[in-house]
Amino acid sequence: MNKETGSAGFTSRLWKLFASVRLTVVILLSLAVTSIIGTIIPQNERPEAYLNEYGEFLYKILSAFDVFDMYHSWWFQFLLLMLTTNIVVCSINRFSALWKMLSVKNPSFNVSKFRNLSDKEEFIDIRSPEDLKRIYMPIVSRSFGYKRIEETDNGFCIFAEKGRWTRIGVYVIHLSVILLLIGGLIGSIFGFKGFVNIPEGKTINSIRLSNTGKAQDLNFDIRCDNFNIKFYDSGAPSEYRSTLTILEQGKSVLTRDIIVNDPLRYKGINIFQSSYGELPPREITLNFKNRITGMSHKKKVSFGQQFNLPEDAGQFVVKGYRDSYNFGGHNLGKTFMGILTHNNGSPVHVIMPVRFPVFDRMRKGNQVVSVVDYDHRYYTGLQVTRDPGVLIVYSGFVIMIIGCFITFFMSHQRLCVEISKSGKKSKVMVAGTANKNRFGMQSRIKRIAKSLRINL
1 MNKETGSAGF
11 TSRLWKLFAS
21 VRLTVVILLS
31 LAVTSIIGTI
41 IPQNERPEAY
51 LNEYGEFLYK
61 ILSAFDVFDM
71 YHSWWFQFLL
81 LMLTTNIVVC
91 SINRFSALWK
101 MLSVKNPSFN
111 VSKFRNLSDK
121 EEFIDIRSPE
131 DLKRIYMPIV
141 SRSFGYKRIE
151 ETDNGFCIFA
161 EKGRWTRIGV
171 YVIHLSVILL
181 LIGGLIGSIF
191 GFKGFVNIPE
201 GKTINSIRLS
211 NTGKAQDLNF
221 DIRCDNFNIK
231 FYDSGAPSEY
241 RSTLTILEQG
251 KSVLTRDIIV
261 NDPLRYKGIN
271 IFQSSYGELP
281 PREITLNFKN
291 RITGMSHKKK
301 VSFGQQFNLP
311 EDAGQFVVKG
321 YRDSYNFGGH
331 NLGKTFMGIL
341 THNNGSPVHV
351 IMPVRFPVFD
361 RMRKGNQVVS
371 VVDYDHRYYT
381 GLQVTRDPGV
391 LIVYSGFVIM
401 IIGCFITFFM
411 SHQRLCVEIS
421 KSGKKSKVMV
431 AGTANKNRFG
441 MQSRIKRIAK
451 SLRINL
């Protein structure tokens, strides 16, 4: 066997493999099983969460197979590519026979098949076949695009058909599935999803990818100009809004407010409002009360900057801030931490919960420190995504709707009206077939026969 023959044999076997419906079933079952796994195992969580859940040994095995980000894994993309190839080959393999039917200019009709139909309509007309030919042709033409007359030994037949092209409906659905798969593959390979936190007034040009944690450059800058948040009476946030500016080479090209479910889109990249958080304040207004003298002093200070206390009581510096602080099993909420240094040089740690201004009274000492006010600074949490295959996916959905409409609501219909002499009268037979919706075609035949009888 020469190389050319061997190559041709291999290509033929490969073609038969991808044209197999069994392969389609195997791939679909594999995708179904992997999708169930992807539903059970949360995707794109932090590695620490997986280590705590599965342990180090199982974590390494699952991570090696990209189970924690399986929809972007090479093997899942390979399954999608196999299914796409399988559908394409199956469609090509079966389309040649359909194309012969679609491309024929003068389709063949066998009147005996129509005569053998059980649901045909028959009646007697008093006029001659020639008169009926002139009357019936316009009636048939109103409902069917193609029609022709064939002479018979005892009269003639009017053959007509419509909707031959509707047989491609299943191939339109195949095309839509192919577009969905290709769009999904393009998005999986060339797209990304990540997160970034931007403090008010700051600018970033990269994000952290959800699946790998690696940095992803955006090729433009995003600046958070402002962040606003509104609260319900209960204290829960009702709306948070970010004012973002897109910069190219340092120049502003677009400024827009975004809220949840109303993203900013730029150069194929979607920027969603995802979360928010509070930053350590830059300025805090503190109250110092001397237990001995009873005097209170308010002072606005900078975060991290040491200053002298009133009444020469020492030095104080605000060193820390937490959104929540646990003390004795209770959450104190937003809390500042400071260090009070007495004149004798002994430092004391001071805890200052915002909601509990008298909390520092529990500490022994002459000075009681509490927070009066502070400047509220927020960062905006953004989800940034890019999916270059989304337009292809949308096209696939639209084409699938069209294909389903053609497949389920339209049909290829063939009609035969046979007129034959019966003494001085004419015998009329009306029969028809359809590749789908047989009962609908029976009703249509009755309506056509009724419209022909009206002309008696």
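Letter by letter, the sequence shown follows residues 1 to 456 of the numbering used here. Note that beta-carbon positions come from the ideal geometry of N, C-alpha and C, so glycine has one too.
Between the beta-carbon of residue i and the beta-carbon of residue j, is there less than 8 Å?
i, j, result
"residue 221", "residue 247", "yes"
"residue 84", "residue 182", "yes"
"residue 424", "residue 155", "no"
"residue 393", "residue 191", "no"
"residue 288", "residue 367", "yes"
"residue 377", "residue 310", "no"
"residue 245", "residue 252", "yes"
"residue 102", "residue 164", "yes"
"residue 159", "residue 151", "no"
"residue 122", "residue 429", "yes"
"residue 80", "residue 30", "no"
"residue 468", "residue 82", "Any property of residue 468 remains undetermined from this structure, which presents the chain solely from 1 to 456."
"residue 229", "residue 266", "no"
"residue 145", "residue 162", "yes"
"residue 213", "residue 390", "no"
"residue 173", "residue 407", "yes"
Would you please state the rounded distance, in angstroms, between the beta carbons of residue i and residue j? I believe it to be under 8 Å.
i, j, result
"residue 383", "residue 307", "That pair is no contact at about 41 Å."
"residue 227", "residue 380", "5 Å"
"residue 129", "residue 411", "30 Å between Cβ atoms; not a contact."
"residue 465", "residue 77", "Given a span of 1 to 456 for the chain in the structure shown, any question on residue 465 remains unanswerable."
"residue 511", "residue 119", "Residue 511 is absent from the model: the chain starts at 1 and stops at 456."
"residue 433", "residue 270", "So it is not a contact: roughly 51 Å between Cβ atoms."
"residue 224", "residue 201", "7 Å"
Near residue i, which residues of its chain fall below 7 Å by C-beta distance, leaving aside the five closest residues on each side in sequence?
i, result
"residue 69", "43, 44 and 211"
"residue 300", "283 and 285"
"residue 341", "314, 315 and 347"
"residue 50", "59 and 68"
"residue 268", "386 and 388"
"residue 206", "215, 216, 217 and 218"
"residue 256", "244 and 264"
"residue 404", "173"
"residue 468", "Nothing can be reported for residue 468, as the shown portion of the chain is limited to 1 through 456."
"residue 402", "172"
"residue 107", "161"
Sorted by chain position, which residues of the same chain lie with C-beta nearer than 8 Å to residue i's C-beta, five sequence neighbours on each side aside?
i, result
"residue 339", "316, 317, 319, 347, 348, 349 and 350"
"residue 74", "66"
"residue 177", "87, 396 and 400"
"residue 312", "343"
"residue 321", "280, 281, 303, 334, 335, 336 and 337"
"residue 355", "332, 333 and 334"
"residue 359", "332, 351, 352, 353 and 370"
"residue 326", "332"
"residue 291", "365, 366, 367 and 368"
What does DSSP give as the partner residues of residue i in its beta bridges?
i, result
"residue 199", "379"
"residue 513", "Since the first residue shown for the chain is 1 and the last is 456, residue 513 is missing from the structure and cannot be characterised."
"residue 262", "259"
"residue 340", "316 and 348"
"residue 279", "377"
"residue 449", "Note: residue 449 sits in no beta bridge, so no partner."
"residue 223", "203 and 245"
"residue 416", "159 and 431"
"residue 269", "266 and 386"
"residue 301", "284"
"residue 215", "208"
"residue 76", "For residue 76, which the question treats as bridged, DSSP gives no partner whatsoever."
"residue 252", "247"
"residue 353", "335"
Take residue i and list the residues in its own chain whose beta-carbon comes closer than 6 Å to its own, dropping the five residues that flank it on each side.
i, result
"residue 331", "324"
"residue 435", "411 and 412"
"residue 199", "279 and 379"
"residue 9", "none"
Can we count residue i as close to the ligand NAP, meaning its CB is less than 7 Å from some heavy atom?
i, result
"residue 148", "In the structure on display, the ligand NAP does not appear, and there are no ligands present to speak of."
Inset, instruction - Kindly confirm or deny that the stretch 8-28 and the stretch 87-97 touch, where touching means at least three C-beta pairs closer than 8 Å. - result: Contact holds between the stretch 8-28 and the stretch 87-97, because three or more Cβ pairs, one in each stretch, are under 8 Å apart.
Inset, instruction - Taking 8 Å as the threshold, find out whether the stretch 138-147 comes into contact with the stretch 357-373 through three or more Cβ pairs. - result: Fewer than three Cβ pairs drawn from the stretch 138-147 and the stretch 357-373 lie within less than 8 Å of each other, which leaves the two stretches out of contact.
Legend entry - Cβ pair count under 8 Å reaching 3, the stretch 162-171 against the stretch 190-204: They do not touch, by the three-pair rule.
Legend entry - Contact between the stretch 93-107 and the stretch 231-242 (3+ Cβ pairs under 8 Å): Taking 8 Å as the limit for Cβ pairs, the verdict is that the stretch 231-242 does not touch the stretch 93-107.
Inset, instruction - Taking 8 Å as the threshold, find out whether the stretch 105-120 comes into contact with the stretch 407-421 through three or more Cβ pairs. - result: Between the stretch 105-120 and the stretch 407-421, the count of Cβ pairs shorter than 8 Å is three or higher; the stretches touch.
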